[in-house]
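Trainee: In my numbering, the protein residues as written are 825 to 1327. Note that beta-carbon positions come from the ideal geometry of N, C-alpha and C, so glycine has one too.
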Ligand code: G3H
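(1) Check each candidate in 1256, 903, 977 and name the one with the smallest Cα separation from residue 1004.
(2) For residue 1248, count neighbouring Cβ atoms within 10 angstroms of its own Cβ and tell me buried if that reaches 16, exposed if not.
(3) Looking at residue 1089 and residue 1104, is the spacing between their C-beta atoms short of 8 Å?
(4) Tell me whether residue 1026 is buried or exposed, calling it buried when 16 or more other Cβ atoms sit within 10 Å of its Cβ.
(5) Check whether the Cβ of residue 1123 sits closer than 7 Å to any heavy atom of the ligand G3H, and report yes or no.
(6) Residue 1067 bridges to which residues according to DSSP?
(7) On a CA-only basis, which of 930, 924, 1044, 954 is nearest residue 875? Give me that one, please.
(8) What residues in its chain sit with their C-beta under 6 Å from that of residue 855, if we drop five residues either side in the sequence?
(9) Can you give me the C-alpha to C-alpha distance between residue 1172 and residue 1085, rounded to a whole angstrom?
(10) Can you determine whether any heavy atom of the ligand G3H sits closer than 7 Å to the C-beta of residue 1274, and answer yes or no?
(11) Buried or exposed for residue 1011, going by 16 or more other Cβ atoms inside 10 Å?
(12) For the alpha helix (DSSP H) that contains residue 1365, what are its first and last residues?
(13) With burial defined as no fewer than 16 other Cβ atoms inside 10 Å of the residue's Cβ, what is the status of residue 1138: buried or exposed?
(14) By the three-class DSSP mapping on this structure, what secondary structure does residue 825 have?
(15) Under a Cβ-count criterion, where at least 16 other Cβ atoms within 10 Å of its own Cβ denotes burial, should residue 962 be classed as buried or exposed?
(16) Straight-line CA distance for residue 1246 to residue 1276?
(17) Rounding to the nearest angstrom, what Cα-Cα distance links residue 1075 and residue 884 in this structure?
(18) Regarding residue 998 and the ligand G3H, is the C-beta to nearest heavy atom distance less than 7 Å?
(19) Tell me where the beta strand (DSSP E) around residue 772 begins and ends.
(20) Check the C-beta distance from residue 1295 over to residue 948 and give it rounded, since I have them as a contact under 8 Å.
(21) Please classify residue 867: is it buried, with 16 or more other beta-carbons within 10 angstroms of its beta-carbon, or exposed?
(22) Take residue 878 as the anchor and find which of 905, 995, 1046 has the nearest alpha-carbon.
(23) From which residue to which residue does the beta strand (DSSP E) around residue 1225 run?
(24) Would a C-beta distance cut-off of 8 Å place residue 1287 and residue 1240 closer than the cut-off?
(25) Just to confirm, are residue 1123 and residue 1073 a CB contact at a threshold of 8 Å?
(26) Does DSSP put residue 848 in a helix, a strand or coil?
(27) Per DSSP, residue 860 is paired with what?
(28) Would you report the Cα separation of residue 1018 and residue 996, rounded to the nearest angstrom?
(29) Report the option in 1188, 1251, 914 whose CA atom is closest to the CA atom of residue 1035.
(30) Is it a yes or a no for the stretch 909-929 touching the stretch 1047-1057, going by three-plus beta-carbon pairs under 8 Å?
(31) Does the ligand G3H have a heavy atom nearer than 7 Å to the CB of residue 1088?
(32) Using C-beta distances below 7 Å, list every residue in its chain close to residue 965, excluding the 5 sequence neighbours before and after it, in chain order.
(33) Cα-Cα, which of 942, 891, 894, 1285 is closest to residue 906?
(34) Mark residue 1109 as exposed unless 16 or more other C-beta atoms lie within 10 angstroms of its C-beta, in which case mark it buried.
(35) With respect to 7 Å, is the separation between the Cβ of residue 1109 and the closest non-hydrogen atom of the ligand G3H below this value?
(36) Does the distance from the CB of residue 1278 to the CB of residue 1001 come in under 8 Å?
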């Protein structure tokens, strides 16, 4: 159970503690932040409302712990990460339980998130040992006008303090996707969890604590974004921000200092369906891509652009599958569970009502109880409807019928987002040409968009983000290149003769 056994020390009465200086602490604010259970709409957990002074204190600790961590051998950093991964996987139950309770993720998917996170940490440890253990060697005479008198050695060095801000929908996985690369690269890490998802994050941080990382190297600060959000992101001690979430990321990037940013923001992932596509495959992928975790994934299928000639048949197939989706509590592994908050549910409802007023075809009756919205397929959506452009982050999938592939590509490219997209066709040549034409960070051919496997590069164009993720790219983003140039008094060549006479 969450907050018991191995995890008992992270709880103070009914309020979860924050983590600083290698210890679990109660905030001097005396205040807490309530976390609502999206399904019951009652307070499920409470976390500390940390103060700006407490942020200052963890930043000082992070700066000093990083200096010795950078001198810790790479193999040793990897060893500790492997240990944290094992502890995490051995203790998946309490984390999965808190994911169910605070973000209404179905129970099975919650376990998968924790296991996937352990695997990510281990992969990151191995990849870090490989890519950080090697550098480049350059010779000057490859550039015009130079003799071979300069040897240039490059290596990757840490940035310093990395601030990680994961989103509510993957609080554990998208936290470790930032923490593990930061640590293996020799950085220290300050984590600000999302409010919904904070308790899962605190359990995950305790696994790193139990693994034995040095004091101060990792901190986890909870609290209200309105009180400590800007203070954290604009803090002078922060040398890199890795953020996943909504358009808050755009304002963070405008306010942040001259530091590397890794931002994964929204998406309006288009699914282009050609007339030669395997429609059963497309229908299964629309269900998986559009409705898993009730559509609350930045990579969800958020608009289907289908050729008119096959649209009726596809809509019938998807409708039949939607009818089989179960709706209910996350504890029962329902396919569709409550969305994260009442304001999200209201936003989704606004998009649905706008589509209704403008004449979209409802393939199911619209139904909502509290934060629970039944899965909905909207056919005959037109570009003048909000749902054609805005991301519902809920279990609603719009279908726009197109008369040419160009129309589909143009719709995809007219979006301010550019995260992923997908194309379904049996013609691989067409698929590649369409992929090249789509202005998105990734295009999936014959499958729904998805971030994983977690070592694949993952990036958004336009308002969908800055920088690339995936284990290797994250490690690289959280380092900078350092070069040392050895200047020789005279050109020198391997196996060359006569060097004595040139000295
Ligand atoms: O919500 C954003 C996540 O990065 C999506 O990850 O494709 O594994 O669901 P996913």
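Mentor: On the basis of the data shown:
(1) Numbered from its first residue, the chain shown carries residue 1004 at position 180. That would be 903, whose Cα lies nearest to the Cα of residue 1004.
(2) As a first step, residue 1248 is located in the chain shown; it is residue number 424 there, counting from the start. By the neighbour-count rule (16 or more Cβ atoms within 10 Å), residue 1248 is buried.
(3) In the chain shown, residue 1104 corresponds to position 280, counting from 1. In the chain shown, residue 1089 corresponds to position 265, counting from 1. It is not a contact, given that the beta carbons lie outside the stated cut-off.
(4) As a first step, residue 1026 is located in the chain shown; it is residue number 202 there, counting from the start. So residue 1026 counts as buried.
(5) If you number the chain shown from 1, residue 1123 lands on position 299. Yes - the ligand G3H has a heavy atom lying nearer than 7 Å to the Cβ of residue 1123.
(6) Counted from its first residue, the chain shown places residue 1067 at position 243. 989, 1087, per the DSSP bridge assignment.
(7) Position 51 of the chain shown, counting from 1, holds the residue named residue 875. Here the closest residue by C-alpha is 1044.
(8) Residue 855 sits at position 31 when you count from the first residue of the chain shown. Hits under 6 Å: 873.
(9) As a position in the chain shown, residue 1172 is number 348, starting the count at 1. As a position in the chain shown, residue 1085 is number 261, starting the count at 1. Computed Cα separation, rounded: 30 Å.
(10) As a first step, residue 1274 is located in the chain shown; it is residue number 450 there, counting from the start. Yes, Cβ of residue 1274 sits closer than 7 Å to a heavy atom of the ligand G3H.
(11) Walking along the chain shown from the start, residue 1011 turns up at place 187. Residue environment analysis places residue 1011 among the buried positions, since at least 16 neighbouring C-beta atoms fall within 10 angstroms of its C-beta.
(12) The first residue shown for the chain is 825 and the last is 1327, placing residue 1365 beyond what the model contains.
(13) The residue you call residue 1138 lines up with position 314 of the chain shown. It is buried - the Cβ of residue 1138 has at least 16 other Cβ atoms within 10 Å.
(14) Here residue 825 refers to the residue found at position 1 of the chain shown. Residue state, collapsed to three classes: coil.
(15) Position 138 of the chain shown, counted from the first residue, corresponds to residue 962. Per the 10 Å Cβ criterion, exposed.
(16) For this step, residue 1246 is matched to residue 422 along the chain shown. For this step, residue 1276 is matched to residue 452 along the chain shown. For residue 1246 and residue 1276, the distance between alpha carbons rounds to 15 Å.
(17) The residue you call residue 1075 lines up with position 251 of the chain shown. The residue you call residue 884 lines up with position 60 of the chain shown. For residue 1075 and residue 884, the distance between alpha carbons rounds to 25 Å.
(18) Numbered from its first residue, the chain shown carries residue 998 at position 174. Checking every heavy atom of the ligand G3H against the Cβ of residue 998, one is found closer than 7 Å.
(19) What the structure shows of the chain is the stretch from 825 to 1327, and residue 772 is not part of that stretch, so it cannot be assessed.
(20) Mapped onto the chain shown, residue 1295 falls at position 471. Mapped onto the chain shown, residue 948 falls at position 124. Contact holds; Cβ gap of about 5 Å.
(21) Looking up residue 867 in the chain shown gives position 43. Residue 867 is exposed by the Cβ-count criterion.
(22) Position 54 of the chain shown, counted from the first residue, corresponds to residue 878. For residue 878, the nearest C-alpha among the options comes from 1046.
(23) Numbered from 1 along the chain shown, position 401 holds the residue referred to as residue 1225. Residue 1225 -> beta strand (DSSP E) spans 1220-1226.
(24) Position 463 of the chain shown, counting from 1, holds the residue named residue 1287. Position 416 of the chain shown, counting from 1, holds the residue named residue 1240. Closer than 8 Å, so yes.
(25) Within the chain shown, residue 1123 is the residue found at index 299, counting from 1. Within the chain shown, residue 1073 is the residue found at index 249, counting from 1. For residue 1123 and residue 1073, no; Cβs fall outside 8 Å.
(26) The sequence position of residue 848 within the chain shown is 24, counting from 1. The answer is strand: DSSP assigns residue 848 an E or B state.
(27) On the chain shown, position 36 is the one that residue 860 refers to. In DSSP, residue 860 forms a bridge with 867.
(28) Along the chain shown, one-based indexing puts residue 1018 at 194. Along the chain shown, one-based indexing puts residue 996 at 172. The alpha-carbon atoms of residue 1018 and residue 996 are separated by roughly 10 Å.
(29) Working through the chain shown from its first residue, we reach residue 1035 at position 211. It is 914 whose Cα lies nearest to the Cα of residue 1035.
(30) Put simply, the stretch 909-929 does not touch the stretch 1047-1057. Fewer than three CB pairs are less than 8 Å apart.
(31) As a working note, residue 1088 is residue 264 in the chain shown. Yes, Cβ of residue 1088 sits closer than 7 Å to a heavy atom of the ligand G3H.
(32) Your numbering for residue 965 matches position 141 in the chain shown. 971, 972.
(33) Taking the first residue of the chain shown as position 1, residue 906 is located at position 82. Checked all of 942, 891, 894, 1285; the closest Cα to residue 906 is 942.
(34) Numbered from 1 along the chain shown, position 285 holds the residue referred to as residue 1109. Counting Cβ neighbours within 10 Å, residue 1109 comes out buried, since at least 16 surround it.
(35) Here residue 1109 refers to the residue found at position 285 of the chain shown. For the ligand G3H, not one heavy atom lies less than 7 Å from the Cβ of residue 1109.
(36) If you number the chain shown from 1, residue 1278 lands on position 454. If you number the chain shown from 1, residue 1001 lands on position 177. Yes. Within cutoff.
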